[in-house]
Amino acid sequence: MGAFLVVMAVVGPTLAPFDPTAPVAAHLAEPSPPGAPFYLGTDDLGRDVLSRLLYGARISLLVGLVAMVVTMAIGTVVGLSAGYFGGMVDVVLMRLTDVMLAFPGLLLAVALVAVMRPNVWTIFVVIGLVSWTGVARVVRSETLSLRERDFVVAARAMGASHGRILLRHVLPNVAPTLIVIAALSTSGTILLDAGLSFLGIGVPPPTPTWGRMIQEASSYYRVAPWLMAFPGLAVLYAVLTFNLIAYGLADQGRGAP
Amino acid sequence: MLLALVLLPACRRDPPLDWPARTPGSQRGGVLRLAGADDVPTLDPALGYDSRSWTFEQHLFETLVTYDDANGLVPLLAERWDISEDQRHYRFELVPNVTFSDGTPLTAADAVGSLERVLDPRTRSQGAEYYRGIHGARDFIAGTAPGVVGLAAPDATTLTIALDEPDPLFLEKLALLFASVVPAERARRLGDDFTDQPLGSGPFVLREWRRGERLVLARNPRYRRPDRPYLDGIVESTGVNSELAWLQFLSDEIDVAGIPPADFPAVRRDPSPVGQLVRGPTLWTTYIGLNCQMPPLDDRRVRQALNYAVNKEDVVALLNGRGVPAKGIVPPGMPGYASDVTGYPYDPERARALLRAAGHEDGFSTELWTQGSDLDLKIGQKIQHDLSAVGVTMEIKQVAWSSFLEAIRQPRTVPLFDLGWSADFPDPSNFLDVLFHSSRWDANNHTFYANAEFDRLLEHARTLPDRVARNREYLTAERLLVDDAPVILLYHPISYVMLQPRVHGYTIHALLPARFTEVWLDPEP
Chain H
1 MGAFLVVMAV
11 VGPTLAPFDP
21 TAPVAAHLAE
31 PSPPGAPFYL
41 GTDDLGRDVL
51 SRLLYGARIS
61 LLVGLVAMVV
71 TMAIGTVVGL
81 SAGYFGGMVD
91 VVLMRLTDVM
101 LAFPGLLLAV
111 ALVAVMRPNV
121 WTIFVVIGLV
131 SWTGVARVVR
141 SETLSLRERD
151 FVVAARAMGA
161 SHGRILLRHV
171 LPNVAPTLIV
181 IAALSTSGTI
191 LLDAGLSFLG
201 IGVPPPTPTW
211 GRMIQEASSY
221 YRVAPWLMAF
231 PGLAVLYAVL
241 TFNLIAYGLA
251 DQGRGAP
Chain V
258 MLLALVLLPA
268 CRRDPPLDWP
278 ARTPGSQRGG
288 VLRLAGADDV
298 PTLDPALGYD
308 SRSWTFEQHL
318 FETLVTYDDA
328 NGLVPLLAER
338 WDISEDQRHY
348 RFELVPNVTF
358 SDGTPLTAAD
368 AVGSLERVLD
378 PRTRSQGAEY
388 YRGIHGARDF
398 IAGTAPGVVG
408 LAAPDATTLT
418 IALDEPDPLF
428 LEKLALLFAS
438 VVPAERARRL
448 GDDFTDQPLG
458 SGPFVLREWR
468 RGERLVLARN
478 PRYRRPDRPY
488 LDGIVESTGV
498 NSELAWLQFL
508 SDEIDVAGIP
518 PADFPAVRRD
528 PSPVGQLVRG
538 PTLWTTYIGL
548 NCQMPPLDDR
558 RVRQALNYAV
568 NKEDVVALLN
578 GRGVPAKGIV
588 PPGMPGYASD
598 VTGYPYDPER
608 ARALLRAAGH
618 EDGFSTELWT
628 QGSDLDLKIG
638 QKIQHDLSAV
648 GVTMEIKQVA
658 WSSFLEAIRQ
668 PRTVPLFDLG
678 WSADFPDPSN
688 FLDVLFHSSR
698 WDANNHTFYA
708 NAEFDRLLEH
718 ARTLPDRVAR
728 NREYLTAERL
738 LVDDAPVILL
748 YHPISYVMLQ
758 PRVHGYTIHA
768 LLPARFTEVW
778 LDPEP
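Line by line, the protein sequences give chains H and V. Each residue of the first sequence is one higher than the one before, starting from 1 at the first, in our numbering. Each residue of the second sequence is one higher than the one before, starting from 258 at the first, in our numbering.
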């Protein structure tokens with residue numbers, strides 16, 4: 001499943017039969033149903049749905065993955081520091097996390113996009129900024145238990161620096177959990193990106209994104225349901241894929257000695 | 258007036274004075290339910306200059322004269338009037354015993370005070386420009402006179418107006434809602450708060466206005482026509498975009514709605530399962546305004562290139578053909594419309610050549626501001642694609658209607674904006690002068706276009722009493738304007754509105770937005 005998604009994102013655009021932003025259908029304002037040469041139909045602007053879906057895959061996965069990296073980076077740094085140093089550092093960082101958690105993620109994202117200019121880079125940052133809290137909490141609790149383990153205590157006794165202990169001893173032991181969260185958080189960020197696009201504040205047009213495709217199709221769902229169904233299925237497929245990857249990884253983790 | 262939405266329902270006739278008898282079969286009672294995306298900007302007739310404000314203002318207030326179905330002027334608050342030989346002195350006899358909705362009498366002094374209020378610079382009315390020709394108005398505006406000498410009320414029902422120069426359009430200007438008669442003393446006292454506590458002599462009164470939620474009008478019990486209005490009230494829900502409005506219409510939650518492009522083909526084939534389809538004439542032009550002060554749009558060749566680059570036929574197709582591609586600014590049906598203004602056919606080659614000549618062979622980046630209905634965004638994306646084909650990268654920025662209006666008034670802020678203009682009175686000056694004269698930068702000239710020769714032509718045309726000669730002069734000006742291309746001409750919309758089967762007496766008028774005085778509803782089953 002994952003392989004198919006990656007293939008779609010990497011070579012999809014070269015497979016796309018048409019320019020995703022160009023009107024290629026014979027007429028505007030009346031979407032044509034699926035059928036050759038438009039295998040998934042065309043939208044009201046006469047654009048090929050299949051081509052838009054393939055290009056959209058790249059954007060959605062790119063946003064999903066890059067935003068995931070931003071999320072993981074912030075979450076890991078905060079979680080490691082809070083768990084390892086404890087005391088005031090822990091209190092301050094965890095209260096900050098609580099404050100961030102108190103905001104509904106989507107609302108916070110909408111507010112952040114409103115103050116920045118919406119483009120691909122803003123979306124990466126915004127999604128990262130609103131979704132790191134879960135990661136931070138998990139990493140912190142793992143770190144809390146790790147820091148009392150013998151090998152960490154030993155390393156500290158041998159005079160290792162904090163940085164060395166964190167990078168060489170704590171982080172590798174948090175990694176298996178991190179990888180599982182990363183997979184889960186990717187599906188989360190893909191959903192959030194689709195949500196932002198649906199609200200009209202995601203990656204701006206003409207870049208095709210799945211969320212925007214769903215939004216633009218919403219006025220046509222009675223007369224042209226396929227316009228909404230295909231991008232919707234694509235989001236479902238991507239989210240399901242990353243969730244299954246996460247569960248698979250988690251199972252492996254449990255099975256390992 | 259400014260058009261908020263191209264799909265917005267418009268209009269209704271209100272035959273004055275020799276009132277027709279009660280429409281056969283008509284029923285009194287019921288509430289007309291409407292919906293709109295944004296708040297109504299204002300209910301102060303001195304301030305409103307857009308289709309949404311005017312829709313509600315004209316139910317609260319009355320002007321001296323108004324328009325009949327054929328766009329002819331007919332009496333409203335003025336029973337009759339005389340114009341002197343030299344065309345400079347007007348004498349109006351007001352209908353006697355008219356009261357405002359609180360019972361205080363409406364007098365000629367209120368009419369004088371209302372016009373002075375519009376002219377007063379502290380009111381900041383965009384309508385002031387129309388009444389500067391009244392004798393003494395300039396001194397009053399400059400603050401060197403306490404009142405306008407040319408306005409007088411010899412008795413309670415007589416109003417006299419003296420002009421500096423003959424103005425063949427003066428009566429038409431008195432039909433604008435700016436010239437609504439308000440209780441002058443109260444309006445002066447309330448100042449900017451008059452919009453929250455409006456009081457007039459119209460068929461309805463303001464019952465409730467919660468911004469962001471709803472606006473409710475109720476029947477004016479003191480309205481001087483005892484059998485009008487038929488309706489008990491009008492409720493406008495706010496925050497309902499055109500898509501949602503259509504769904505609410507389908508579930509019978511509102512009575513009037515524009516038709517989304519997705520549903521239009523089916524509705525046109527057979528409207529009966531949904532309601533009644535009403536089509537009406539409009540005098541509208543929609544365009545993309547180009548800020549002539551912001552490089553590279555300050556170069557005429559660039560502006561022409563953008564005009565050639567956009568395929569207007571496609572834009573009209575996106576509207577399911579509910580429009581005519583625009584070749585000039587003055588819409589078909591207006592006096593002074595000329596079918597031989599050629600506009601800009603779709604010609605990307607020519608656009609590229611012009612951009613090359615202007616030193617932009619690699620294109621440039623710019624930004625389109627739109628008030629962001631679903632359809633506006635679709636049209637925006639179509640234009641975005643057309644422009645990208647000639648190398649111009651255009652971003653689309655979605656803004657709420659009131660912020661949009663505020664932003665386009667600021668110099669050097671908004672490079673491209675989509676907007677429409679609907680005729681206020683049947684004369685080319687209402688498009689050419691109002692939208693493009695360089696003295697209108699603080700009013701409706703949002704393109705900040707300035708051309709001395711164009712200004713001179715308009716100023717000369719204004720003084721010509723003969724309609725034919727005037728229109729000829731305006732045509733010369735329009736050709737000059739189209740050549741200068743301060744806007745990308747898009748299309749002249751054709752208005753279609755859907756009504757619930759129980760709504761009667763609703764027609765579309767070319768000059769005024771929806772009026773509901775003659776609308777009646779079938780009784781609830």
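C-beta: ideal position from N, C-alpha, C; glycine also.
So which residues on chain V does H/Val-223 lean against when the C-beta distance must stay under 9 angstroms?
Ala-519, Asp-520, Pro-522, Ala-523
Measuring only between beta-carbons, confirm whether V/Glu-606 sits less than 9 angstroms from chain H.
no
In chain order, what residues of the region 191-209 of chain H put their CB closer than 9 angstroms to some CB of chain V?
For the region 191-209 of chain H, which is checked against every Cβ of chain V, the residues closer than 9 angstroms are Gly-200, Ile-201, Pro-204, Pro-205, Pro-206.
Does V/Arg-348 come out as helix, strand or coil in the three-state DSSP assignment?
strand
Paired residues, beta bridge with V/Gln-476 - DSSP:
The question names Gln, yet the displayed sequence has Arg at residue 476 of chain V. Note: V/Arg-476 sits in a beta bridge opposite V/Phe-461.
Using a Cβ cut-off of 8 angstroms, which residues of the region 284-315 of chain V contact any Cβ in chain H, in chain order?
none
Ends of the alpha helix (DSSP H) at H/Leu-40?
Element bounds for H/Leu-40: n/a, residue is neither H nor E.
Does the beta carbon of V/Gly-637 come closer than 9 angstroms to any beta carbon on chain H?
yes
Quick check: H/Ile-190 and H/Pro-118, are their CB atoms within less than 9 angstroms of each other?
no
On a CA-only basis, which of V/Ser-645, V/Leu-738, V/Pro-298 is nearest V/Trp-466? Give me that one, please.
V/Pro-298
Buried/exposed call for H/Trp-121, threshold 16 Cβ in 10 Å
exposed
H/Gly-41 versus H/Gln-215: straight-line alpha-carbon distance, rounded:
17 angstroms
Taking 9 angstroms as the CB-CB cut-off, is V/Leu-634 touching chain H?
yes
Using the C-alpha atoms, what's the distance from V/Phe-688 back to V/Trp-678?
Each residue's Cα considered, the two are about 8 angstroms apart.
Distance check for V/Val-288 and V/Ile-491, CA to CA, integer angstroms please.
5 angstroms
V/Phe-397 vs V/Gly-404 beta-carbon contact at 9 angstroms:
yes
State the Cα-Cα distance for the pair H/Val-69 and H/Gly-128, rounded to the nearest angstrom.
Taking the straight line from one Cα to the other gives about 8 angstroms.
Which whole-angstrom value describes the C-beta separation of V/Thr-704 and V/Asn-548, a residue pair presumed to lie in contact below a C-beta threshold of 8 angstroms?
6 angstroms
Pull out every residue of the region 218-251 of chain H whose Cβ sits closer than 9 angstroms to any Cβ of chain V, in chain order.
Ser-218, Ser-219, Tyr-220, Tyr-221, Arg-222, Val-223, Ala-224
Interface residues of chain V facing H/Thr-14 [CB-CB closer than 7 angstroms]
Per Cβ cutoff of 7 angstroms: no residues; H/Thr-14 is ~20 angstroms from chain V at best.
Cβ-Cβ distance between V/Arg-525 and V/Ala-562 below 9 angstroms:
No, the pair does not count as a contact, with Cβ atoms beyond the cut-off.
Beta strand (DSSP E) runs wholly inside the region 478-552 of chain V, at least 3 long, in chain order:
Complete beta strand (DSSP E) runs here, min 3: 490-495, 533-537, 541-547.
Distance CB(V/Gly-593)-CB(V/Val-587) smaller than 9 angstroms
Contact: yes.
For the candidate residues V/Leu-575, V/Pro-672, V/Pro-589, V/Gly-585, whose alpha-carbon lies nearest to that of V/Phe-621?
V/Pro-672
Using a Cβ-Cβ cut-off of 6 angstroms (strictly less than) and excluding sequence neighbours within five positions of H/Val-79, which residues of its own chain qualify?
With the sequence shown as reference, residue 79 of chain H is identified as Gly, and Val is not the correct amino acid for it. So the qualifying residues of the chain are Ala-136, Val-139, Arg-140.
Determine the burial state of V/Thr-543: buried for a count of at least 16 other Cβ atoms within 10 Å of its Cβ, exposed for fewer.
buried
Under 8 angstroms between beta-carbons, which chain H residues line up against V/Leu-575? List them in chain order, please.
Leu-28, Ala-29, Asp-44, Leu-45
Would you please verify whether the beta carbon of H/Glu-142 is less than 9 angstroms from any beta carbon of chain V?
no
So, with DSSP's three-state summary, where would you put V/Arg-729?
helix
What in chain H is Cβ-close to V/Ile-653, meaning under 7 angstroms?
Identification of chain H residues near V/Ile-653 by a Cβ-Cβ cut-off of 7 angstroms yields Pro-204, Pro-205, ordered along the chain.
Report yes or no: is there a C-beta of chain V within less than 9 angstroms of the C-beta of H/Thr-21?
yes
If you scan the region 328-394 of chain V from start to end, which runs of the beta strand (DSSP E) of 3 or more residues do you find wholly inside it?
330-332, 335-340, 346-351
Between the CA atoms of H/Leu-62 and H/Tyr-55 - distance to the nearest angstrom:
Going from the Cα of H/Tyr-55 to the Cα of H/Leu-62 covers about 11 angstroms.
Out of H/Pro-204, H/Ile-179, H/Val-7, H/Ala-194, which one is the CA nearest neighbour of H/Thr-71?
H/Ile-179
Who are the Cβ neighbours of V/Val-691 in its own chain at under 7 angstroms, not counting the five residues just before and after it?
Within the same chain, and ignoring the five residues on either side of V/Val-691 in sequence, the residues whose Cβ sits closer than 7 angstroms to its Cβ are Arg-697, Asn-701.
Between V/Phe-521 and the rest of its own chain, which residues show a CB-CB distance below 6 angstroms, the 5 nearest in sequence each way excluded?
Asn-577
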